[in-house]
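Numbering (the numbering used here), first residue to last: 12 to 339.
Here it is in structure tokens:
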């Protein structure tokens, strides 16, 4: 059962993007929803709803966001807590990331991360290529909103004099760090509807050729630890063909396994919807919230080109110690 989907549907907002936006802040907590008044019915209305209720000092949830972490921990967060939670808010992080970006030692993180996890502020998501080093991800919704939107300009929000201007300056953080993680989590739970999938997560794949890391927001794995699906997710904006090319490139870095490819977004460029690859599926938000026993197998059936041109990069079957070499 897709628990997140059922929770989002229980909010009672018909528009899927608006429902995800509301749920990204309040979840399905009946007490919080009762205080929220009339909920937005479109994603555009959600912007004004957030500004009025969460970013004005007299808003119904402003103080809840400001004190979210202190309420959970029972004390005001210190600098180490703020640094870790602020860093995790912008992107899921491994221990290596957290050490590099916060300056905290391994010993400090050994104490702090379990404490924050036990408090319900963060969670450890699986990292299939490095099982011993999970992705630490924000779990508490109001705390995530606090670090994404409120904390960087707390004094200005509290004064309430330039709320509209501040919103114009920072509203991209609302989409990027608050709504998008909720949407990506919904996409991962939806992908578990495939009977072959035992677990889903994000994935970061080394690219030896360019000495970079390539990240996909969605990867599904079977019980044998083999990938069965890879996906890229875009919130709010149209998905462009370049993202599909990146998806296929990451598949090649993994050795070109036989997997399904998911492009998940509210809108798509014609090049994606016209692609005839039978393993490619273009999924819209409404489909993520549709009740079904399995992930849809009949969305945009395709029959088309290979994943990428040959003779460019040798596929990598094992990413540790792999070498890059030209072929062809």
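Backbone N, C-alpha and C define an ideal beta-carbon position, used for all residues, glycine too.
Thinking residue i and residue j are a contact (beta carbons under 8 Å), I'd like their distance in whole angstroms, please.
i           : j           : result
residue 35  : residue 152 : 6 Å
residue 283 : residue 293 : 6 Å
residue 280 : residue 247 : The pair is not a contact, with the Cβ atoms about 15 Å apart (cut-off 8 Å).
residue 91  : residue 115 : 6 Å
residue 71  : residue 45  : Residue 71 to residue 45, Cβ: 10 Å. No contact.
residue 244 : residue 264 : 19 Å between Cβ atoms; not a contact.
residue 150 : residue 132 : 6 Å
residue 97  : residue 183 : Wrong, their Cβ atoms sit about 17 Å apart, outside the cutoff.
residue 76  : residue 157 : 5 Å
residue 99  : residue 148 : 7 Å
residue 270 : residue 291 : Going by Cβ atoms, the distance from residue 270 to residue 291 rounds to 11 Å, so no, they are not a contact pair.
residue 300 : residue 19  : 6 Å
residue 160 : residue 189 : 7 Å
For residue i, write down the residues that DSSP places opposite it in a beta bridge.
i           : result
residue 224 : 217
residue 156 : Per DSSP, none; premise fails for residue 156.
residue 351 : The structure shown has nothing for residue 351, since the chain only spans 12 to 339.
residue 149 : 133
Is residue i helix, strand or coil when you go by DSSP?
i           : result
residue 172 : coil
residue 271 : strand
residue 282 : helix
residue 134 : strand
residue 39  : coil
residue 210 : strand
residue 71  : coil
residue 300 : coil
residue 287 : coil
residue 17  : helix
residue 186 : helix
residue 139 : coil
residue 165 : helix
residue 177 : helix
residue 197 : helix
residue 264 : helix
residue 315 : Unreliable placement is indicated for residue 315, whose pLDDT of 37 sits below 50; the coordinate value is still reported in the next sentence. Coil at residue 315, not helix or strand.
residue 306 : Because the pLDDT of residue 306 is 46, which lies under 50, any placement of that residue in the model is unreliable, and the question is left without a value.
How about residue i: is its C-beta nearer than 8 Å to some C-beta of chain B?
i          : result
residue 85 : The structure shown has no chain B; it contains just one protein chain.
Which runs of the beta strand (DSSP E) fall wholly inside the stretch 228-262 and span at least 3 residues, in chain order?
238-244
Taking one C-beta from the stretch 117-128 and one from the stretch 81-93 each time, how about it: are there three or more such pairs within less than 8 Å?
yes
Any 3 or more C-beta pairs closer than 8 Å across the stretch 175-182 and the stretch 103-112:
no
Hey, which unbroken runs of the alpha helix (DSSP H) at 4 residues or more fall wholly within the stretch 73-129?
73-77, 79-84, 90-101, 106-113 and 117-129
For the stretch 53-72 against the stretch 25-32, are there 3 or more C-beta pairs whose distance is under 8 Å?
yes
Does the stretch 208-222 come close enough to the stretch 230-238 to have 3 or more Cβ pairs within less than 8 Å?
yes
Touching or not, the stretch 64-71 and the stretch 162-171, by the rule of three or more beta carbon pairs under 8 Å?
yes
For the stretch 134-142 against the stretch 212-223, do three or more pairs of beta-carbon atoms, one drawn from each stretch, fall closer than 8 Å, so that the two count as touching?
yes
Is the stretch 183-202 close to the stretch 254-266, with three or more CB pairs under 8 Å?
no
Fully enclosed by the stretch 20-65, which alpha helix (DSSP H) runs are 4 residues long or longer?
27-37, 41-46 and 54-65
Counting Cβ pairs, one atom from each stretch, are 3 or more of them under 8 Å apart for the stretch 216-226 and the stretch 189-200?
no
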